[in-house]
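A.B. asks: Here the sequence shown stands for residues -20 to -1, 1 to 258, where the numbers follow mature numbering (1 follows the signal peptide of the UniProt record, and there is no 0).
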Amino acid sequence: MKPNFIIAAFFFVFFFTSCSSDHDDSYTPTNNGDSVPTTYFSLTNSNYWKYLVSSQGNNSNDILTVGSSVVDNSITYNLMSGTADPSGTATGFYCTTLNNNKLRIDGSSLKMTGTINYSFPGLTDPISFQLNDFTIFKQNATSGDVLGTIPGSVTQTINNMPVTFEYSLRSEAGENLASLNSNGVTYADVKKSKIILNLKITTTQTITGVPTPITVVIMDAQDVITSTLHYSNGIGMVYCNTLFNYSLNPSVATLLPSNIPLSQNATQDEYLTAYHIN
């Protein structure tokens, strides 16, 4: 799935799918649930949440629906569906992330199993993260706690040169809010959680007359995606703010395709507009 505003605006383009690809890095976190189920998300079949998605002045509507239960490695999950409302491809980060992936509640934790693919212009294959019980929310976590992380790297050829992407996908607990006003609605007892993609891009060049290959930094390590999700007790995810930004090294701009801007930044907001919990 590809949020349209990112395709138009960014050097990096991401999409999410439950299908596997040629390159993946798997991470299985330790059990960080507990005996008391979280009350910040409900996985009853047919529950749904509708969102207004605002991206760079463009508005659209998404819906996230809890599907039927499925069993994976003897563990029961619910298959999630994130689409445009009433139909079509979701444009919001949140619904796109969860679409066709599986969620389960493990005590105070909300865990995701499936695949996230990040696709970049010029790459023949996307960078693929195979998630196995990856914690995306934990009710009793302390702000700043890292809930899960997936590090790795992949090298592909762009403009006839090897380009290496070093990345880290992580989830973090955020602070607690007594209340949150979002799009004119006040929600009580709100907890934040973050999903962050950190990326560094380099290329190694062999220069005639120089005995040792030279590594050139195209982009210093930076958080190119930071998504802050707000969960309200008894409701679910009520507001998501996602920042997309990068800044390339201007001294190596000539190595890259001419249609790639040196820097970009944009914001997407997803506001809960309606929900149904069985």
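Idealized CB from N, CA, C, for every residue including glycine.
Where residue 261 and H256 are concerned, what is the direct C-alpha to C-alpha distance, given to the nearest angstrom?
C.D. replies: Only positions -20 to 258 of the chain appear in this structure, which leaves residue 261 out of reach.
A.B. asks: Can you name the start and end residues of the alpha helix (DSSP H) that F73 belongs to?
C.D. replies: Run containing F73: 73 to 78, per the alpha helix (DSSP H) assignment.
A.B. asks: Under three-state DSSP, which class holds S1?
C.D. replies: The predicted position of S1 is uncertain, since its pLDDT is 37 and thus under 50; a value taken from the coordinates is nonetheless stated next. Three-state result, S1: coil.
A.B. asks: Ordered along the chain, which non-local residues of its own chain (more than five positions away) have a Cβ less than 6 Å from that of V33?
C.D. replies: For V33, where only same-chain residues beyond five positions count, the Cβ hits under 6 Å are S40, D42, T71, G72, E250.
A.B. asks: Is the number of C-beta pairs between the stretch 217 to 231 and the stretch 129 to 143 that are closer than 8 Å three or more?
C.D. replies: No, the stretch 217 to 231 is not in contact with the stretch 129 to 143.
A.B. asks: What is the rounded straight-line gap between the Cα of V(-8) and the Cα of S48?
C.D. replies: Legend: pLDDT at V(-8) = 42, less than 50; position of this residue unreliable, value from coordinates given subsequently. Straight-line Cα distance between these residues: approximately 30 Å.
A.B. asks: What's the gap between the Cα of I96 and the Cα of G37?
C.D. replies: So the alpha carbons of these two residues sit roughly 26 Å apart.
A.B. asks: How many Å lie between P17 and E155 at the Cα?
C.D. replies: If I take the Cα positions, the gap works out to 20 Å.
A.B. asks: In the DSSP assignment, find the beta strand (DSSP E) that holds D203 and state where it starts and stops.
C.D. replies: D203 -> beta strand (DSSP E) spans 194 to 212.
A.B. asks: Taking 7 Å as the cut-off, is the C-beta of P241 nearer than that to any heavy atom in the ligand ATP?
C.D. replies: As far as ligands go, the structure on display features none, and thus does not contain the ligand ATP.
A.B. asks: Let's see if you can read the secondary structure: which residues bound the beta strand (DSSP E) around P106?
C.D. replies: Looking at the DSSP string, P106 is not in any beta strand (DSSP E), and its letter there is neither H nor E.
A.B. asks: My understanding is that V204 touches F224, with C-beta atoms under 8 Å, so please give their C-beta distance in whole angstroms.
C.D. replies: Right, their Cβ atoms sit about 7 Å apart.
A.B. asks: By the three-class DSSP mapping on this structure, what secondary structure does N245 have?
C.D. replies: Correct three-state label for N245: strand.
A.B. asks: Tell me which same chain residues have a C-beta within less than 6 Å of the C-beta of P241, skipping the five on either side of it?
C.D. replies: If we look at P241 and ignore the five residues flanking it on each side, it has no Cβ neighbours.
A.B. asks: Are the beta-carbon atoms of Y57 and F117 separated by less than 8 Å?
C.D. replies: In this structure, F117 does not lie closer than 8 Å to Y57 by Cβ.
A.B. asks: Would you decide whether A168 is buried or exposed? Buried here means 16 or more other CB atoms lie within 10 Å of its CB.
C.D. replies: Exposed, since its Cβ has fewer than 16 Cβ neighbours within 10 Å.
A.B. asks: Short of 7 Å in beta carbon distance, which residues of its chain neighbour G62, apart from the five on each side in sequence? Order them along the chain.
C.D. replies: D42, L44, A70, C75, T76, L78, N79.
A.B. asks: Distance, Cα to Cα, T184 vs P193?
C.D. replies: Their Cα atoms are separated by approximately 6 Å.
A.B. asks: On the premise that T24 lies in contact with V51, defined as a C-beta separation below 8 Å, what is that separation, rounded to the nearest angstrom?
C.D. replies: Incorrect: roughly 17 Å between the Cβ atoms, too far for contact.
A.B. asks: Out of R84, G68, D125, state which residue places its alpha-carbon closest to the alpha-carbon of M60.
C.D. replies: The candidate whose alpha carbon is nearest that of M60 is R84.
A.B. asks: Can you tell me the Cα-Cα spacing of residue 300 and Y219, whole angstroms?
C.D. replies: Residue 300 is absent from the model: the chain starts at -20 and stops at 258.
A.B. asks: Taking C-alpha atoms, which residue in T222, L90, M92, S22 lies nearest to T177?
C.D. replies: Residue 177 is actually Leu in this sequence, not Thr. Taking only the C-alpha atoms, the option nearest L177 is T222.
A.B. asks: Can you tell me whether DSSP reads T19 as helix, strand or coil?
C.D. replies: Of the three classes helix, strand and coil, the one that applies to T19 here is coil, per DSSP.
A.B. asks: If we ignore side chains and look at the alpha-carbon of each, how far apart do L235 and N139 end up?
C.D. replies: Their backbone Cα atoms lie some 8 Å apart in a straight line.
A.B. asks: Are the beta-carbon atoms belonging to F114 and G124 less than 8 Å from one another?
C.D. replies: It is not a contact, given that the beta carbons lie outside the stated cut-off.
A.B. asks: I need the DSSP call for A70, collapsed to helix, strand or coil.
C.D. replies: A70: coil per DSSP, three-state reduction.
A.B. asks: Of all the options I181, S108, N258, which has the alpha carbon lying nearest to the alpha carbon of G216?
C.D. replies: The option with the nearest alpha carbon to G216 is N258.
A.B. asks: Going by beta carbon distance, what residues of the same chain come within less than 7 Å of P9, once the five residues before and after it are set aside?
C.D. replies: At P9 the pLDDT is 44, less than 50, meaning the model places this residue with poor confidence; the figure from the coordinates comes in the next sentence. Closer than 7 Å at Cβ, skipping near neighbours: D113, F114, T115, G128.
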